[in-house]
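Trainee: Residue numbers (our numbering), protein chains in the order written: chain A, 1211 to 1385; chain B, 1431 to 1862.
Quick reminder that beta carbons are idealized off the backbone N, C-alpha and C, glycines included.
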Amino acid sequence: MSVLGWPVSQVVARVLILLGPVVGLVAAVVADVPPPGWVAALVVALAIGWAFMPESLLGTLCLALVLAWWGVADLVGLPAEALVAALGLLVAHVAGIVAGYGPPEMALDGPTARLWLTRGALVFAAAPVVWLFAVALNDQPEPPGVWIAAMVAVVVGAVVAAAAFGLPEEPAREG
Amino acid sequence: MTQWRATAGLSRALIVAGSGVGGAVLLGEPVGLVLVTPLLFCGAMGLAARPTRTPAATSDLDHVSLHEGQGTTSRLQLTDAEDVEQVTRAVAEAAYVATRPAEGRISRLLAHGVPDLEISPRRWGRRVLGQERVALTTRWAGYRWGPATLPGLQMQVLPAPSAYTSRAETPQPKGLVGAHRSARPGSGTEFAGIREFQPGDRLRRINWRISSRTRRLHATTTRAEEDAGILLVIDAVADHGRSGGVDGAASSLDLTVRAAAAMAEHAVRRGDRIALRVIGGSGRQLRFGSGWVHLRRLLLALSAIQSGSEGHRALATHARVPLRATEGTTVVLLTPMLTEAIATVAASTARRGLPTLVIDTLPANAEPALPDDTDPELADLAWRMRKIEREQVLAGLSGLGCPVVAWRGPGTLDEVLHRLARRAQLPQVRLR
């Protein structure tokens, strides 16, 4: 089964690439910091280009633009919608990786997709932890170097956790 | 030499995560950190899986010689692939080669085995698979090796073994031992007559009933059974019509080659000797021989045929080379009969007294291949005139005693061979 000559799995991956950054902006709208029209249009345009060329620099620009909008937006506190935006960016990034494994006419491998689903869930689990940590420290006096120390701790923890749980599954042995 | 390179995914994760972390630290806004934390993990894991060995990849086919419609497997061999997590293969499309998965592209986790591609040639001939591109990716899609280009593999595709049987005897068998009823007496099983006993006759041949009635010893005679010689003459001057492969429409050369293969296999099964002569294209000749090894040689020669685009003079010279068909040989000419030189060959063998049979292999819906700038009305008119000329040539050959039949598979030649065999019993005047 195919859509416009592409297998359905490829179409699904590319639709996720397109929707991820859009979800990031919709979350900003819900958080009451709606982006101007030109930002939304630019993000959608970049996302469409990225969906057709998952290996291109358009993906980086698209994610960076969503990130930049959240960075410059006049936020009140740290809204939970930021987690939705983080999920959108991650889904688009992972879909871009999976779609970039081969040409668009190639159907995606089921075990590969499941592996990246597991990995995505694992790495996304860190976002609520960081969000809770940031909410807890909000309005607290910041000791010098706390952000850098926190980042180092997060990265080390991520590497250890992903190395332990994120390896590809072994196929079931016959006989 | 192909090297590992960072993937677009790794670059994207690191750039976006770096921007988010930098912005968060500089602006004191933790939202950037929340957004990029998952990407930071992905990037860090990709970096941690940095490869240390350079792999190598080669591909091979399980079978390099097979019949059209059969299938084989293209296997990829990887060495030093300990760092590899994902293997992607993409084979470029090649004419008359089907692949599974369709489009010839597959990607799979190496932990589940190196992905294989199933290959099935759909038409006889020498087939070259399209170039293959192989990409290997490390864990967390951090680094990619390739895509490396592997050269296209070659395979020799023999014509499909089609069902062909014939119960007709060969017109003039002149061999040693075989399955055909000969015109001369011998130790076969077919009744020839009863005559007076002669020295040398076997005792078991004595016909006691006639002997007692006539009071002289009489013996029953039988016809010898001999093998026959069949010379297949292939017209490879041009290929008319469109070929859709083994399960699609057949061009004139498809019909020719498949019919020749079927007749050769049938002849070998009956113990006959068979030879091949290709006019046009490679101009290949194969001497008389019998047995399965000879059949294999003949099928390989058939699969190597390519339609030629020789000039008329070269073709006429080519066609004048003697066929080396001796007495007792049946000449089977497989042709769409659109070339004058081929008609000359058929006429000259028929006038030599050799049983000659023309198998018409022009597809019913054949149309000439034309350059783009040709006037279609003019081309249609020329094609119709050509076909009228062809009908006249075929009628002329029939008048010379050279039957023309269209290839229909099993039993195609039975009736005409019966007629040729009956005619072969009659006294003839031959030109030498």
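When you compare the CB positions of residue 1508 of chain B and residue 1531 of chain B, do they come within less than 8 Å of one another, or not?
Mentor: To locate residue 1508 of chain B, count along the second sequence from 1; it is residue 78. To locate residue 1531 of chain B, count along the second sequence from 1; it is residue 101. No.
Trainee: Would a C-beta distance cut-off of 8 Å place residue 1463 of chain B and residue 1450 of chain B closer than the cut-off?
Mentor: As a first step, residue 1463 of chain B is located in the second sequence; it is residue number 33 there, counting from the start. As a first step, residue 1450 of chain B is located in the second sequence; it is residue number 20 there, counting from the start. Taking 8 Å as the Cβ cut-off, residue 1463 of chain B and residue 1450 of chain B qualify as a contacting pair.
Trainee: So which of B/1622, B/1639, B/1478, B/1650 has the shortest CA-CA distance to residue 1628 of chain B?
Mentor: Here residue 1628 of chain B refers to the residue found at position 198 of the second sequence. It is B/1650.
Trainee: Roughly how far, in whole angstroms, is the beta-carbon of residue 1318 of chain A from the beta-carbon of residue 1308 of chain A, given that I think they are within contact range, below 8 Å?
Mentor: Counting from 1 along the first sequence, the entry for residue 1318 of chain A is found at position 108. Counting from 1 along the first sequence, the entry for residue 1308 of chain A is found at position 98. Their Cβ separation, rounded to whole angstroms, is 6 Å, which keeps residue 1318 of chain A and residue 1308 of chain A in contact under 8 Å.
Trainee: Is it buried or exposed for residue 1665 of chain B, if we count other Cβ within 10 angstroms and need 16 for buried?
Mentor: Numbered from 1 along the second sequence, position 235 holds the residue referred to as residue 1665 of chain B. By the 10 Å Cβ count, residue 1665 of chain B comes out buried.
Trainee: Bridge partners for residue 1665 of chain B per DSSP, in chain order?
Mentor: Counting from 1 along the second sequence, the entry for residue 1665 of chain B is found at position 235. DSSP output for residue 1665 of chain B lists B/1709 as bridge partner(s).
Trainee: Taking just the CA atoms, how far does residue 1293 of chain A sit from residue 1339 of chain A?
Mentor: For the purposes of this step, residue 1339 of chain A is taken as residue 129 along the first sequence, with counting starting at 1. For the purposes of this step, residue 1293 of chain A is taken as residue 83 along the first sequence, with counting starting at 1. The alpha-carbon atoms of residue 1339 of chain A and residue 1293 of chain A are separated by roughly 10 Å.
Trainee: In chain order, what are the residue ranges of uninterrupted beta strand (DSSP E) at least 3 long that sit wholly in the region 1747–1801 of chain B?
Mentor: 1759–1765, 1786–1790, all fully within the region 1747–1801 of chain B.
Trainee: What beta strand (DSSP E) runs, 3 residues minimum, are completely inside the region 1625–1701 of chain B?
Mentor: Taking only runs of at least 3 residues, the beta strand (DSSP E) segments lying wholly in the region 1625–1701 of chain B are 1648–1656, 1659–1665.
Trainee: Classify residue 1403 of chain B as buried or exposed, calling it buried when 16 or more other Cβ atoms lie within 10 Å of its own Cβ.
Mentor: Given a span of 1431 to 1862 for chain B in the structure shown, any question on residue 1403 of chain B remains unanswerable.
Trainee: DSSP state of residue 1225 of chain A, grouped into three classes?
Mentor: By 1-based counting over the first sequence, the position of residue 1225 of chain A is 15. In the structure shown, residue 1225 of chain A sits in a helix (DSSP, three-state: H, G or I).
Trainee: Taking the alpha carbon of residue 1302 of chain A as the point to measure from, which residue in B/1472, B/1538, B/1823, B/1727 has its own alpha carbon closest?
Mentor: The residue labelled residue 1302 of chain A in the question sits at position 92 within the first sequence. If we check each option's Cα against that of residue 1302 of chain A, B/1472 comes out closest.
Trainee: Against chain A, which members of the region 1458–1477 of chain B pass a CB distance test of less than 8 Å?
Mentor: For the region 1458–1477 of chain B, which is checked against every Cβ of chain A, the residues closer than 8 Å are 1458, 1459, 1460, 1461, 1462, 1463, 1464, 1465, 1466, 1467, 1468, 1469, 1470, 1471, 1472, 1474, 1475.
Trainee: Residue 1585 of chain B lies in the beta strand (DSSP E); which residues open and close that run?
Mentor: Numbered from 1 along the second sequence, position 155 holds the residue referred to as residue 1585 of chain B. Taken as a continuous stretch (DSSP letters only), the beta strand (DSSP E) holding residue 1585 of chain B covers 1584–1588.
Trainee: Would you verify that the beta carbon of residue 1309 of chain A is, or is not, closer than 8 Å to some beta carbon of chain B?
Mentor: In the first sequence, residue 1309 of chain A corresponds to position 99, counting from 1. No - not a single Cβ of chain B is within 8 Å of the one on residue 1309 of chain A.
Trainee: What's the C-alpha gap between residue 1271 of chain A and residue 1809 of chain B?
Mentor: By 1-based counting over the first sequence, the position of residue 1271 of chain A is 61. By 1-based counting over the second sequence, the position of residue 1809 of chain B is 379. Using only the alpha carbons, I get a separation of about 57 Å.
Trainee: For residue 1606 of chain B and residue 1497 of chain B, I'd like the C-alpha separation in whole angstroms.
Mentor: Locating residue 1606 of chain B in the second sequence gives position 176, where the first residue counts as 1. Locating residue 1497 of chain B in the second sequence gives position 67, where the first residue counts as 1. No answer about residue 1606 of chain B holds up, because its pLDDT of 48 lies below 50 and its placement is not dependable.
Trainee: Here's the rule: buried if 16 or more other CB atoms are within 10 angstroms of the residue's CB, otherwise exposed. What is residue 1684 of chain B?
Mentor: For the purposes of this step, residue 1684 of chain B is taken as the residue at position 254 of the second sequence. Residue 1684 of chain B should be labelled buried.
Trainee: Is the distance from the Cβ of residue 1533 of chain B to the Cβ of residue 1315 of chain A below 8 Å?
Mentor: Here residue 1533 of chain B refers to the residue found at position 103 when the second sequence is read from its first residue. Here residue 1315 of chain A refers to the residue found at position 105 when the first sequence is read from its first residue. A contact, by the Cβ cut-off of 8 Å.
Trainee: What three-state label does DSSP hand residue 1835 of chain B in the structure shown?
Mentor: By 1-based counting over the second sequence, the position of residue 1835 of chain B is 405. The answer is strand: DSSP assigns residue 1835 of chain B an E or B state.
Trainee: From residue 1653 of chain B to residue 1706 of chain B, what distance separates their C-alpha atoms?
Mentor: In the second sequence, the residue the question calls residue 1653 of chain B occupies position 223. In the second sequence, the residue the question calls residue 1706 of chain B occupies position 276. About 29 Å.
Trainee: Given residue 1662 of chain B, which residues of its chain have a CB within under 6 Å of its CB, disregarding the five upstream and five downstream residues?
Mentor: Translated into the one-based positions of the second sequence, residue 1662 of chain B becomes position 232. Closer than 6 Å at the Cβ level, and outside the excluded window around residue 1662 of chain B, lie 1690, 1706, 1762.
Trainee: Rounded to whole angstroms, how far is the Cβ of residue 1560 of chain B from the Cβ of residue 1587 of chain B, which I believe are closer than 8 Å?
Mentor: Along the second sequence, read from residue 1 onward, the residue named residue 1560 of chain B stands at position 130. Along the second sequence, read from residue 1 onward, the residue named residue 1587 of chain B stands at position 157. Wrong, their Cβ atoms sit about 15 Å apart, outside the cutoff.
Trainee: Which chain B residues are close to residue 1280 of chain A, counting only those with a beta carbon under 8 Å from its beta carbon?
Mentor: As a position in the first sequence, residue 1280 of chain A is number 70, starting the count at 1. By Cβ distance, chain B contributes 1461, 1462, 1465.
Trainee: DSSP three-state call for residue 1498 of chain B: helix, strand or coil?
Mentor: One-based indexing of the second sequence puts residue 1498 of chain B at position 68. Three-state result, residue 1498 of chain B: coil.
Trainee: Can you list, in chain order, the residues of its chain whose CB lies under 8 Å from that of residue 1578 of chain B, leaving out five sequence neighbours each side?
Mentor: Along the second sequence, read from residue 1 onward, the residue named residue 1578 of chain B stands at position 148. These residues qualify, in order along the chain: 1432, 1487, 1563, 1564, 1565.
Trainee: Is there at least one Cβ from chain A nearer than 8 Å to residue 1703 of chain B's Cβ?
Mentor: In the second sequence, residue 1703 of chain B corresponds to position 273, counting from 1. No, residue 1703 of chain B does not count as interfacial toward chain A.
Trainee: Under 8 Å, do residue 1247 of chain A and residue 1298 of chain A count as touching if we go by C-beta distance?
Mentor: Within the first sequence, the letter at position 37 stands for residue 1247 of chain A. Within the first sequence, the letter at position 88 stands for residue 1298 of chain A. Result no, Cβ atoms of residue 1247 of chain A and residue 1298 of chain A do not sit closer than 8 Å.
Trainee: Which first and last residues belong to the beta strand (DSSP E) in which residue 1536 of chain B is found?
Mentor: For the purposes of this step, residue 1536 of chain B is taken as the residue at position 106 of the second sequence. Its beta strand (DSSP E) spans residues 1535–1539.
Trainee: For a cutoff of 8 Å on Cβ pairs, would you count residue 1327 of chain A as touching chain B?
Mentor: Here residue 1327 of chain A is taken as the residue at index 117 of the first sequence, counted from 1. Cβ-Cβ to chain B under 8 Å: no for residue 1327 of chain A.
Trainee: Do residue 1516 of chain B and residue 1311 of chain A count as a contact pair if the criterion is CB distance below 8 Å?
Mentor: For the purposes of this step, residue 1311 of chain A is taken as the residue at position 101 of the first sequence. For the purposes of this step, residue 1516 of chain B is taken as the residue at position 86 of the second sequence. Yes, these two residues count as a Cβ contact at 8 Å.
Trainee: Give a yes or no on whether the minimum CB-CB distance between residue 1284 of chain A and chain B is below 8 Å.
Mentor: As a first step, residue 1284 of chain A must be located in the first sequence, where it is residue number 74. Cβ-Cβ to chain B under 8 Å: no for residue 1284 of chain A.
Trainee: With burial defined as no fewer than 16 other Cβ atoms inside 10 Å of the residue's Cβ, what is the status of residue 1676 of chain B: buried or exposed?
Mentor: By 1-based counting over the second sequence, the position of residue 1676 of chain B is 246. Counting Cβ neighbours within 10 Å, residue 1676 of chain B comes out buried, since at least 16 surround it.
Trainee: Which class does residue 1434 of chain B belong to by DSSP, given the choice of helix, strand or coil?
Mentor: Here residue 1434 of chain B is taken as the residue at index 4 of the second sequence, counted from 1. If DSSP states are grouped into helix, strand and coil, residue 1434 of chain B belongs with the strands.
Trainee: For residue 1434 of chain B, does the count of other Cβ atoms within 10 angstroms reach 16, so buried, or fall short, so exposed?
Mentor: Along the second sequence, read from residue 1 onward, the residue named residue 1434 of chain B stands at position 4. It counts as buried.
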